[in-house]
Amino acid sequence: MTGFFAVIGRDLRLGLRQGGDLLTLVLFFVIVGVLMPFAVGPDKTLLARLAPAIVWVAALLAQLLSHDRLFRTDFEDGSLVLFRHAALPLEAIVAAKLIAHWLLTCLPLIVATPVLALVLGMDGPAFRLAALSLVLGTPALAGFGAIGAAVTVGLKRGGLVAPVLVLPLSLPVLIFGTGAFDVARLGGSSQALLLLAALSLLSMVLAPFAAALALKISGE
Amino acid sequence: MVEPGLSVDALTVVRGGRVILTDLSFDVAPGEALLVRGPNGAGKSSLLMALAGLLDPEAGRIAHAKPDPEAPVHAHIHYVAQTPAIKSGLSVHENLRFWADVFGARGADIASALNRAGLGRLDGIDAGLLSTGQTRRLALARLVAVPRSLWLLDEPTNALDASGAAWVADLVSAHLAGGGMAVIATHLDVPLVGAVKTLTLDRGRV
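Those sequence lines, one after another, are chains A and B.
Residue numbers are given in numbering that gives the first Met the number 0: position 13 of the first sequence equals residue 12, and the series is strictly consecutive.
Residue numbers are given in numbering that gives the first Met the number 0: position 43 of the second sequence equals residue 42, and the series is strictly consecutive.
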């Protein structure tokens with residue numbers, strides 16, 4: 000387990016010491032959300048109705064930006080090759096990296112959600128639901144993103160290909176994420192939240208294996 | 000009981016549709032070093048990658064007889080490639096500590112490994128500030144910090160000064176004296192003490 004926590008600790012340390020990336024991500028998330036009122040116009044009821052969708056799209060786009068850094072630097076400096084000779088399996092290392100990635104790129108977005116809620120005129124319950132749906136749904140986004148990042152790590156311009164691969168996979172997350180707000184359509188928000196949580200569990204379990212396999216192939 | 004060693008039989012490696020190594024056979028016994036020589040593009044690095052398990056052989060067999068039959072094959076190999084796997088943003092100490100943890104050597108003495116690599120005084124500085132040669136020394140310090148039986152070194156003396164090259168030679172000689180094995184791809188003379196075999200490759204053949 001030492002190795003597992005060493006990987007999490009290293010990635011957190013690197014992410015926090017190069018704090019610029021983190022800040023950019025949060026700013027991007029907030030700016031996408033802030034753009035919408037300008038595009039839609041100052042219609043408060045319409046905005047409040049669109050708010051969950053806007054929060055989720057902003058989170059999804061911000062997530063897409065961050066995936067590429069998950070494996071790219073480790074690939075370029077040879078760390079990925081050495082991970083193959085670690086005392087723990089590559090799958091465990093990918094899982095550790097995924098946890099650190101979620102802490103570095105998804106948690107800040109959830110923390111920044113109140114800002115968006117304020118701008119979009121969400122009321123208390125809607126904001127709490129938005130934060131909860133993000134907590135439950137973002138692990139799935141991170142998991143799918145990790146698979147995309149692993150598949151494209153060997154490509155020089157992989158940063159552009161990965162989002163195209165990942166977006167279709169992320170669609171169910173978006174549907175259930177915003178569905179949590181739509182009581183009429185999905186018959187109660189708790190079911191959408193449960194499905195969201197199921198997606199996250201599924202992707203967190205499968206992603207390390209799929210991503211590790213992709214990394215092994217791209218290492219040749 | 001198999002003698003711990005490395006034996007390669009009729010190895011053929013194909014990379015990107017091209018045949019890189021053809022029908023290569025050799026053995027490395029404990030306490031022995033194999034120097035792999037040859038011009039650029041002869042397949043030295045590919046041979047090391049195949050031995051490290053990073054390339055699947057097209058044909059032939061690589062057999063690792065391990066000191067500990069229970070441990071997986073890759074856990075007794077040190078592979079030092081051209082890429083140093085050193086992170087800027089982490090200190091010299093943190094970099095080596097991290098790899099010792101990941102390689103399962105929890106009680107590794109990082110400070111003394113850094114001292115032996117000649118980096119003792121640079122312990123706390125950001126590894127991104129190291130020169131190319133110092134980065135190389137830090138990468139090689141993993142060999143000291145984490146004991147493993149088979150060393151696969153790809154041009155280990157690249158970017159090192161004369162004293163660095165001598166340090167590498169001493170390091171490998173001590174490793175051999177302790178019953179370890181090493182396969183070293185190099186085009187320079189590494190003055191090793193101990194049983195040294197040489198394999199000269201030319202376009203993937205001996």
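Built from N, CA and C at the ideal position, the CB exists for glycine as well.
Owing to the predicted nature of the structure, the values given are computational and were not obtained by experimental measurement.
- Taking a Cβ-Cβ threshold of 8 Å, the residues of chain A close to Phe102/B are Gly2, His84, Ala85, Ala86, in chain order.
- At a C-beta separation below 8 Å, Gly218/A has these neighbours in chain B: Leu53.
- Ala129/A is a Cβ neighbour of Pro51/A, given a cutoff of 7 Å.
- Sequence-distant partners of Gly59/B (beyond 5 residues in either direction) whose C-beta falls short of 6 Å from its own C-beta, in its chain, are Asp8, Ala9, Leu10, Thr11.
- Under the 7 Å criterion on CB atoms, Gly59/B is classed as non-interfacial with respect to chain A.
- Here the alpha carbons of Ser6/B and Ser24/B stand approximately 8 Å from one another.
- For Lys86/B against Asp122/A, the beta-carbon gap comes to about 45 Å, at or over 8 Å, which does not count as contact.
- A contact between stretches requires three or more CB pairs, one per stretch, nearer than 8 Å, and the stretch 15-24 of chain A meets this requirement with the stretch 60-74 of chain A.
- Closer than 7 Å to the CB of Gly40/A there is not a single CB belonging to chain B.
- Annotation: the continuous alpha helix (DSSP H) that includes Glu90/A extends over 89-104.
- For Leu151/B, the enclosing beta strand (DSSP E) starts and ends at 149-153.
- For Arg115/B, the CB contacts under 6 Å within the same chain, skipping 5 residues up- and downstream, are Val143 in chain order.
- In the DSSP annotation of this structure, the continuous segment of the beta strand (DSSP E) that includes Ile19/B starts and ends at 17-27.
- For Lys196/B, the enclosing beta strand (DSSP E) begins and ends at 194-199.
- Under the Cβ criterion of 7 Å, Ser202/A is not counted among the residues facing chain B.
- Sequence-distant partners of Pro107/A (beyond 5 residues in either direction) whose C-beta falls short of 7 Å from its own C-beta, in its chain, are Leu21, Leu24, Val25.
- Only exposed fits Asp201/B, as fewer than 16 other CB atoms lie within 10 angstroms of its CB.
- Between the alpha carbons of Leu115/A and Cys105/A lies a distance of about 15 Å.
- For Phe74/A, the closest of Ala149/A, Ala209/A, Met203/A, Ala161/A by C-alpha to C-alpha distance is Ala149/A.
- The bridge partners DSSP lists for Asp125/B are Ser90/B.
- Of the other Cβ atoms in all chains shown, fewer than 16 fall within 10 Å of the Cβ of Ile30/A; this residue is therefore exposed.
- Within the stretch 71-91 of chain B, the residues whose Cβ lies closer than 8 Å to some Cβ of chain A are His73, Ala74, Ile76, His77, Tyr78, Ala80, Gln81, Thr82, Pro83, Ala84, Ile85, Lys86, Gly88, Leu89, listed in chain order.
- For Ile7/A, the CB contacts under 6 Å within the same chain, skipping 5 residues up- and downstream, are Ala95, Ile98, Ala99 in chain order.
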